[in-house]
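**Q** Sharing a structure here in structure tokens format.
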Amino acid sequence: MSVDPVFRLSVPPVVDAFDFARRGQVVEGAFSIHRLQRLLDGLEEQPVGEVTELSAAPVLPGVVRYVIQGRRTKDDESQLVMRVQANLVLECQRCLGTLTLPIDRTTVFELVRRESDLSDDEPDEEDFDAPEQIVGSPKFDLAELLEDELILEVPYVPRHTQCPDMADLDAQADEVASREEPPSPFAVLGQLKKGK
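Below, the structure written as structure tokens:
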């Protein structure tokens, strides 16, 4: 059973996680990144994103877009499937310039009732599709889960793959290296000695 998605211009709601999954509910929306204070701690100042509607257009910096769907598996397990999209503005630690980090992450979570139900096994490195286990509750904060996923996407040391300013410096260094190298002082001394 699937329920039509509810579109929100705000953060995701607090829900009964197991009921949300059992009913196959879907919630989707978009909101300003400034609503996620834990994520913003330690980040560069983020642009103020204004959200008026959900569209297929690229996510603007300062805006978070999400779709969260509840479902039951064939094995009768409760799951949440979350897709989150954002463009974070970071500072490149190599050139100290502005870096925009596009995020488009889809994660499947398996809901368990108690912490003791969490699997002690390390996830199989080869099974990338294995859902992450989390403890569900009657007052499950979807916004907090979404914020956790965004925090996990922020690299410890953000940097460009090729810094814009560094490309110019590399070109200049190549140019200098390609110029004729000055003669070695020992070679000059050797020529002077031969001249005697």
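Residue numbers (this note's numbering): 493 to 688. Built from N, CA and C at the ideal position, the CB exists for glycine as well.
1) Between which two residues does the alpha helix (DSSP H) carrying Leu531 extend?
2) For Leu528, collect the residues of the same chain with a Cβ closer than 6 angstroms to its Cβ; drop the 5 residues on either side in sequence, then sort them by chain order.
3) Evaluate Val649 with the Cβ neighbour count: other Cβ atoms within 10 Å of its Cβ, from every protein chain shown; 16 or more gives buried, anything less gives exposed.
4) How many whole angstroms separate the CB atoms of Val555 and Ala578, which I take to be in contact at a CB cut-off of 8 angstroms?
5) Could you name the residues that DSSP lists as bridge partners for Met574?
6) In three-state DSSP terms, what is Gly541?
7) Once the 5 residues before and after Gln585 are set aside, which same chain residues still bring their CB inside 8 angstroms of it?
8) Quick check on Gly516: buried or exposed, where buried means 16 or more other Cβ atoms within 10 Å of its Cβ?
**A** If we stick to the structure as given:
1) In the sequence shown, the residue the question calls residue 531 occupies position 39. DSSP places Leu531 in the uninterrupted alpha helix (DSSP H) bounded by 529-532.
2) By one-based count along the sequence shown, residue 528 stands at place 36. Once the five neighbours on either side are set aside, the close Cβ partners of Leu528 are Glu639.
3) Taking the sequence shown and counting its residues from 1, the one referred to as residue 649 is at position 157. Exposed, because fewer than 16 other Cβ atoms sit within 10 Å of the Cβ of Val649.
4) Your numbering for residue 555 matches position 63 in the sequence shown. Your numbering for residue 578 matches position 86 in the sequence shown. So it is a contact: roughly 7 angstroms between Cβ atoms.
5) The residue labelled residue 574 in the question sits at position 82 within the sequence shown. DSSP lists Ile560, Thr599 as the bridge partner or partners of Met574.
6) Start at 1 with the first residue of the sequence shown, and residue 541 comes out as number 49. Looking at Gly541 - three-state DSSP - the assignment turns out to be coil, as it is neither helix nor strand.
7) Within the sequence shown, numbered from 1, the residue matching residue 585 stands at position 93. Contacts found: Val649, Pro650, Arg651.
8) The residue you call residue 516 lines up with position 24 of the sequence shown. Gly516 comes out exposed.
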